[in-house]
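The structure appears right after this line, and notes come after that.
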Amino acid sequence: MITTPGKPLHLSCIPRGESYALKVNISKNEIGIIYRVTAVLYVHGWNIEEAIAETSMDGYIQDIFIVKRIDGAPMTDEHLNAIHADLHELFYGGMSVMNYLANHPEKMESLRAKVETAPEIFLFNSEISDSTVMDLRMEDRPGILFEISQILFLFGVDILSFKAVTDSGQVRDTFLLRLENGSKLNENLHFNRLKEALNAVL
Numbered sequence: 001m002i003t004t005p006g007k008p009l010h011l012s013c014i015p016r017g018e019s020y021a022l023k024v025n026i027s028k029n030e031i032g033i034i035y036r037v038t039a040v041l042y043v044h045g046w047n048i049e050e051a052i053a054e055t056s057m058d059g060y061i062q063d064i065f066i067v068k069r070i071d072g073a074p075m076t077d078e079h080l081n082a083i084h085a086d087l088h089e090l091f092y093g094g095m096s097v098m099n100y101l102a103n104h105p106e107k108m109e110s111l112r113a114k115v116e117t118a119p120e121i122f123l124f125n126s127e128i129s130d131s132t133v134m135d136l137r138m139e140d141r142p143g144i145l146f147e148i149s150q151i152l153f154l155f156g157v158d159i160l161s162f163k164a165v166t167d168s169g170q171v172r173d174t175f176l177l178r179l180e181n182g183s184k185l186n187e188n189l190h191f192n193r194l195k196e197a198l199n200a201v202l
């Protein structure tokens, strides 16, 4: 485990088959945690297969990311230390995500050079749940989760959990979403605007 003295940011990683379970613990519960983490993992070449956000009774946040290196390399202490250092800058060093990405122009260029594929986006509210479900299907490529989490952050939407299923180069991402005030997304107010924004970047 990597811990920041005086700053509540802890990282730990354990193998899980061909992937790794990366745990990110932080005591400050605020919107945009997954947005920052996905940016760092994208820059460092890790594909995110699943993410689950958990909050303890005392407000301690633990996000668990199931990750796999795009080039198939194993997670090393050097990788983990580099991820921790960048996350520390984003959470406590005053660094914005856009300024962080500006330091990695090759990653920004990769996003701009992506092949445009129209995603299928489904949003719905259930009577028995206090969150909104978003189901997204499209061709798989690096950076998808970062771009999605960026749009959700700008809309003031929190990601409670996320899971990706990839088959023959196609990915199906399922998200549980909630507004900052703890309510579901409004079908009339948010659904079409969010779909339009996601289609514009994906």
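By full-length UniProt numbering, the letter at position 11 of the sequence shown is numbered 11, and the numbering carries on one by one without gaps.
Glycine is no exception: its CB is placed at the ideal position from the N, C-alpha and C atoms.
C-beta atoms of residue i and residue j nearer than 8 Å
{"i": "Ile52", "j": "Ile34", "result": "no"}
{"i": "Thr117", "j": "Glu139", "result": "yes"}
{"i": "Glu187", "j": "Gly156", "result": "no"}
Neighbourhood of residue i by C-beta distance below 6 Å, restricted to the same chain and skipping five residues each side
{"i": "Val43", "result": "His104, Lys107"}
Same chain only: Cβ atoms within 8 Å of residue i, ignoring 5 sequence neighbours per side
{"i": "Ile128", "result": "none"}
{"i": "Ala82", "result": "His44"}
{"i": "residue 206", "result": "The structure shown has nothing for residue 206, since the chain only spans 1 to 202."}
{"i": "Ser110", "result": "Pro142, Gly143"}
{"i": "Ala102", "result": "Met108"}
{"i": "Gln170", "result": "Arg137, Met138, Glu139, Asp140"}
Rounded straight-line distance, which links the Cα of residue j to that of residue i
{"i": "Thr174", "j": "Asp77", "result": "31 Å"}
{"i": "Ser96", "j": "Gly32", "result": "11 Å"}
{"i": "Gln62", "j": "Ile159", "result": "13 Å"}
{"i": "Pro119", "j": "Thr166", "result": "14 Å"}
{"i": "Asn25", "j": "His10", "result": "5 Å"}
{"i": "Arg172", "j": "Asn192", "result": "20 Å"}
{"i": "Leu176", "j": "Ala73", "result": "30 Å"}
{"i": "Asn99", "j": "Ala164", "result": "28 Å"}
{"i": "Ser183", "j": "Asp130", "result": "7 Å"}
{"i": "Ala39", "j": "Phe124", "result": "27 Å"}
7 Å Cβ shell around residue i - same chain, five flanking residues per side excluded
{"i": "Asn47", "result": "Val67, Lys68, Ile70, Pro142"}
Local Cβ density within 10 Å of residue i, reported as buried at 16 or more and exposed below that
{"i": "Gln150", "result": "buried"}
{"i": "Thr132", "result": "buried"}
{"i": "Phe122", "result": "exposed"}
{"i": "Met134", "result": "buried"}
{"i": "Glu49", "result": "buried"}
{"i": "Leu189", "result": "exposed"}
Contact with chain D by residue i, beta-carbon distance below 8 Å
{"i": "Trp46", "result": "Checking the listed chains, one finds no chain D in this structure; it contains a single protein chain."}
Could you tell me which uninterrupted beta strand (DSSP E) segments, each at least 3 residues in length, are contained entirely in the UniProt domain "ACT" (22-103), listed from first to last along the chain?
Qualifying beta strand (DSSP E) stretches, in chain order: 46-55, 61-69.
Taking only runs that begin and end inside the stretch 100-144, name each unbroken beta strand (DSSP E) of 3 or more residues, in chain order.
Within the stretch 100-144, the beta strand (DSSP E) runs of at least 3 residues that lie entirely inside it are, in chain order, 120-125, 132-139.
Which runs of the alpha helix (DSSP H), 4 residues or longer, sit entirely within the UniProt domain "ACT" (133-202)?
Correct list: 144-154, 191-201.
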